[in-house]
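Participant:
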Amino acid sequence: MLFSKRVQEMLPSSTLALVELANKFRERGYDVISLAVGEPDFTTPHHVIDAACRAMYSGKTHYTPPTGIKELKEAIAEKYRNENGVDVTHKNVIVTPAKLAIFISVASFIDPGDEVLIPDPGWVSYREMIHFARGKPVGVRLDESKDYRLDIDDLVNKINFKTKALIINSPSNPTGAILKHEDIKAIRDVVMDFDLVLISDEIYEKIIYEGEHISPGVYDDLMHYTIIVNGFSKSYAMTGWRIGYLIAPNRFIPQLEKVQQHTISCAPSMAQYAALEAIKDHESVRKMVAEFRKRRDFVYEELSKIEGLHVKKPQGTFYIFPKYDYEIKSAMLAEELMRKKQVAITPGSAFGMYGENHFRISFATSLENLKEGIRRLREFLSEI
Ligand code: GLU
Numbered sequence: 000m001l002f003s004k005r006v007q008e009m010l011p012s013s014t015l016a017l018v019e020l021a022n023k024f025r026e027r028g029y030d031v032i033s034l035a036v037g038e039p040d041f042t043t044p045h046h047v048i049d050a051a052c053r054a055m056y057s058g059k060t061h062y063t064p065p066t067g068i069k070e071l072k073e074a075i076a077e078k079y080r081n082e083n084g085v086d087v088t089h090k091n092v093i094v095t096p097a098k099l100a101i102f103i104s105v106a107s108f109i110d111p112g113d114e115v116l117i118p119d120p121g122w123v124s125y126r127e128m129i130h131f132a133r134g135k136p137v138g139v140r141l142d143e144s145k146d147y148r149l150d151i152d153d154l155v156n157k158i159n160f161k162t163k164a165l166i167i168n169s170p171s172n173p174t175g176a177i178l179k180h181e182d183i184k185a186i187r188d189v190v191m192d193f194d195l196v197l198i199s200d201e202i203y204e205k206i207i208y209e210g211e212h213i214s215p216g217v218y219d220d221l222m223h224y225t226i227i228v229n230g231f232s233k234s235y236a237m238t239g240w241r242i243g244y245l246i247a248p249n250r251f252i253p254q255l256e257k258v259q260q261h262t263i264s265c266a267p268s269m270a271q272y273a274a275l276e277a278i279k280d281h282e283s284v285r286k287m288v289a290e291f292r293k294r295r296d297f298v299y300e301e302l303s304k305i306e307g308l309h310v311k312k313p314q315g316t317f318y319i320f321p322k323y324d325y326e327i328k329s330a331m332l333a334e335e336l337m338r339k340k341q342v343a344i345t346p347g348s349a350f351g352m353y354g355e356n357h358f359r360i361s362f363a364t365s366l367e368n369l370k371e372g373i374r375r376l377r378e379f380l381s382e383i
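Counting along the sequence shown from 1, when you hit position 254 you're at 253 in numbering that gives the first Met the number 0, and nothing is skipped either side.
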């Protein structure tokens with residue numbers, strides 16, 4: 000066979016596949032409501048676009064240093080020092096798309112056979128990236144009855160001599176739950192006792208409705224084991240710019256940087272200048288989050304009224320993850336909903352085995368779409 004085993008075995012991204020499916024139905028003339036992908040419907044703030052244009056017109060269209068332009072790295076380190084209480088400098092930062100930051104982290108630490116603990120349900124790409132590195136993803140259950148908080152006993156039970164790393168994601172895609180101080184403290188003990196690498200995916204950091212975001216990097220001793228991953232896509236409506244970053248202890252940076260050099264070389268120069276502008280803009284984030292909150296409240300209320308659904312109110316992100324009582328697998332439910340009512344949602348099974356009997360709705364779309372999408376969903380559920 001032409002293709003490598005690792006690529007043949009890789010599953011396509013379900014979140015992205017559903018976007019394609021929705022587009023196909025649209026091309027055929029159907030009126031599709033997409034509640035599938037996690038992408039803000041707002042345009043990138045104009046002053047951010049202007050900053051990128053200015054950079055390009057002034058000739059900033061070349062390679063930058065592999066780890067990024069110094070001004071942006073300094074701004075990122077300053078943000079983490081001031082907003083998150085993490086003691087880092089620009090030397091700890093590599094500017095790179097957030098998805099690639101996770102890939103770089105996995106590629107840098109995982110040897111064939113190594114095990115990586117991941118949240119289950121958890122974002123669809125962690126598993127495939129670990130498989131790609133020939134490692135083994137091991138799901139740690141996030142239980143609905145425990146508000147989708149990481150089950151520390153389950154975590155410890157799943158550690159063995161092959162366990163190399165732990166990935167956490169707070170606020171969580173798809174559950175919207177947030178890790179609390181006590182969770183981070185428990186994680187700290189586990190990571191340090193078992194000498195694990197902690198990858199903390201903080202991409203939804205700014206999209207929070209209740210509680211606060213706590214980065215594990217707040218503990219200096221834990222930061223010694225931690226790679227923080229964050230980016231501009233979700234908070235600043237910049238998905239198309241492919242710009243984010245990782246923050247890691249000095250001892251990790253040279254190895255991580257090699258992977259950056261041999262893959263992307265550097266993040267796009269114009270996107271880096273855009274990010275430098277965005278990182279100072281608290282007002283646009285505040286407005287977008289206020290809008291997301293209205294949508295969250297609406298979606299939560301409406302879904303809670305539907306019989307057979309059990310809904311937890313997300314504390315962050317723009318996802319809601321209802322559990323359902325119907326006798327139908329989530330992949331089939333999503334497919335049928337698309338075929339019969341032209342509404343795209345993401346099946347819970349895409350997020351791991353504990354995601355079965357759930358589905359994810361992204362409310363990063365207009366209230367009008369949400370109203371119509373939920374109306375059709377209710378109709379569909381009443382017919383099964
Ligand atoms: N992270 C988003 C989602 O879960 C965007 C698609 C992706 O990267 O998976 O929908």
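Virtual Cβ for every residue (Gly too), placed ideally from N, Cα, C.
DSSP has His-309 in a bridge; who is on the other side?
Facilitator: Indexing the sequence shown from 1 puts residue 309 at position 310. Looking at the DSSP assignment, His-309 forms a beta bridge with Lys-322.
Participant: Assign Pro-173 to one of two classes, buried (16 or more other C-beta atoms within 10 Å of its C-beta) or exposed (fewer than that).
Facilitator: Position 174 of the sequence shown, counting from 1, holds the residue named residue 173. Its Cβ being crowded by 16 or more others within 10 Å, Pro-173 is buried.
Participant: On the criterion of 16 or more Cβ atoms from any shown chain inside 10 Å, does Ala-289 qualify as buried, or is it exposed?
Facilitator: Here residue 289 is taken as the residue at index 290 of the sequence shown, counted from 1. Exposed.
Participant: What does Thr-225 pair with, by DSSP beta-bridge criteria?
Facilitator: Counted from its first residue, the sequence shown places residue 225 at position 226. Looking at the DSSP assignment, Thr-225 forms a beta bridge with Leu-197.
Participant: State the Cα-Cα distance for the pair Asp-146 and Ile-246, rounded to the nearest angstrom.
Facilitator: Reading the sequence shown from its first residue, position 147 is the one you call residue 146. Reading the sequence shown from its first residue, position 247 is the one you call residue 246. Answer to the nearest angstrom: the Cα atoms are 29 Å apart.
Participant: In three-state terms, what does DSSP make of Gly-216?
Facilitator: Taking the first residue of the sequence shown as 1, we reach residue 216 at position 217. Three-state DSSP puts Gly-216 in a helix.
Participant: Tell me whether Asn-91 sits in a helix, a strand or coil according to DSSP, three-state version.
Facilitator: Here residue 91 refers to the residue found at position 92 when the sequence shown is read from its first residue. Asn-91: helix per DSSP, three-state reduction.
Participant: Any residue with its Cβ nearer than 5 Å to a heavy atom of the ligand GLU should be included. What is that list in chain order?
Facilitator: Thr-14, Val-36 and Gly-37
Participant: Excluding five sequence neighbours on each side, which residues of the same chain lie with their C-beta closer than 6 Å to the C-beta of Phe-320?
Facilitator: The residue given as residue 320 occupies position 321 in the sequence shown. Only Pro-173, Thr-174, His-357 and Arg-359 meet the Cβ criterion.
Participant: Compute the Euclidean distance between the alpha carbons of Ser-124 and Gly-58, then round it to the nearest angstrom.
Facilitator: The residue labelled residue 124 in the question sits at position 125 within the sequence shown. The residue labelled residue 58 in the question sits at position 59 within the sequence shown. If I take the Cα positions, the gap works out to 35 Å.
Participant: Pairing CB atoms from the segment 294-308 with CB atoms from the segment 189-204, are three or more of them under 8 Å?
Facilitator: no
Participant: CB Arg-241 to CB Pro-65, shorter than 8 Å?
Facilitator: Taking the sequence shown and counting its residues from 1, one reaches residue 241 at position 242. Taking the sequence shown and counting its residues from 1, one reaches residue 65 at position 66. In this structure, Pro-65 does not lie closer than 8 Å to Arg-241 by Cβ.
Participant: Does the distance from the C-beta atom of Lys-328 to that of Arg-375 stay below 8 Å?
Facilitator: The sequence position of residue 328 within the sequence shown is 329, counting from 1. The sequence position of residue 375 within the sequence shown is 376, counting from 1. It is not a contact, given that the beta carbons lie outside the stated cut-off.
Participant: Is it right to say Met-0 is buried, meaning 16 or more other beta carbons lie within 10 angstroms of its own, or is it exposed?
Facilitator: As a first step, residue 0 must be located in the sequence shown, where it is residue number 1. Counting Cβ neighbours within 10 Å, Met-0 comes out exposed, since fewer than 16 surround it.
Participant: Would you kindly work out how many angstroms separate the C-alpha atoms of Thr-14 and Gly-315, rounded to a whole number?
Facilitator: Here residue 14 is taken as the residue at index 15 of the sequence shown, counted from 1. Here residue 315 is taken as the residue at index 316 of the sequence shown, counted from 1. Cα to Cα, Thr-14 sits roughly 19 Å from Gly-315.
Participant: Note down the Cα distance separating Gly-67 from Ile-383, rounded to an integer number of angstroms.
Facilitator: Working through the sequence shown from its first residue, we reach residue 67 at position 68. Working through the sequence shown from its first residue, we reach residue 383 at position 384. Straight-line Cα distance between these residues: approximately 52 Å.
Participant: Quick one: residues in its chain with C-beta nearer than 7 Å to the C-beta of Thr-225, no 5 flanking neighbours on either side, listed in chain order?
Facilitator: Taking the sequence shown and counting its residues from 1, one reaches residue 225 at position 226. Shown here for Thr-225: same chain residues with a beta carbon closer than 7 Å to its own, the five before and five after excluded, namely Leu-197, Ser-199, Pro-215 and Gly-216 in chain order.
Participant: Quick check: what's the CA-CA separation for Asp-324 versus Tyr-353?
Facilitator: Taking the first residue of the sequence shown as 1, we reach residue 324 at position 325. Taking the first residue of the sequence shown as 1, we reach residue 353 at position 354. Going from the Cα of Asp-324 to the Cα of Tyr-353 covers about 14 Å.
Participant: Closest by CA to Ala-132, which one among Asp-110, Thr-42, Ile-117 and Gly-121?
Facilitator: Your numbering for residue 132 matches position 133 in the sequence shown. Ranking the options by Cα distance to Ala-132, first place goes to Asp-110.
Participant: Rounding to the nearest angstrom, what Cα-Cα distance links Gly-347 and Arg-5 in this structure?
Facilitator: Numbered from its first residue, the sequence shown carries residue 347 at position 348. Numbered from its first residue, the sequence shown carries residue 5 at position 6. Near 24 Å, if we compare the C-alpha coordinates of Arg-5 and Gly-347.
Participant: Using 8 Å as the threshold, is the segment 146-162 in touch with the segment 22-38, meaning 3 or more CB pairs across them?
Facilitator: no
Participant: From His-223 to Glu-326, what does the alpha carbon distance come to, in whole angstroms?
Facilitator: Here residue 223 corresponds to residue number 224 of the sequence shown, with the count starting at 1. Here residue 326 corresponds to residue number 327 of the sequence shown, with the count starting at 1. Computed Cα separation, rounded: 47 Å.
Participant: In terms of DSSP beta bridges, what is Lys-135 paired with?
Facilitator: Position 136 of the sequence shown, counting from 1, holds the residue named residue 135. Lys-135 pairs with Glu-114.
Participant: What residue range is occupied by the uninterrupted beta strand (DSSP E) comprising Ser-283?
Facilitator: Indexing the sequence shown from 1 puts residue 283 at position 284. No beta strand (DSSP E) contains Ser-283, which is instead part of the alpha helix (DSSP H) from 281-303.
Participant: What is the residue span of the beta strand (DSSP E) that Ala-164 lies within?
Facilitator: Numbered from its first residue, the sequence shown carries residue 164 at position 165. Following the DSSP letters along the chain, one finds Ala-164 inside the beta strand (DSSP E) bounded by residues 162-168.
Participant: So, is Thr-162 buried or exposed, given that buried needs 16 or more other C-beta atoms within 10 angstroms?
Facilitator: In the sequence shown, residue 162 corresponds to position 163, counting from 1. Thr-162 is buried by the Cβ-count criterion.
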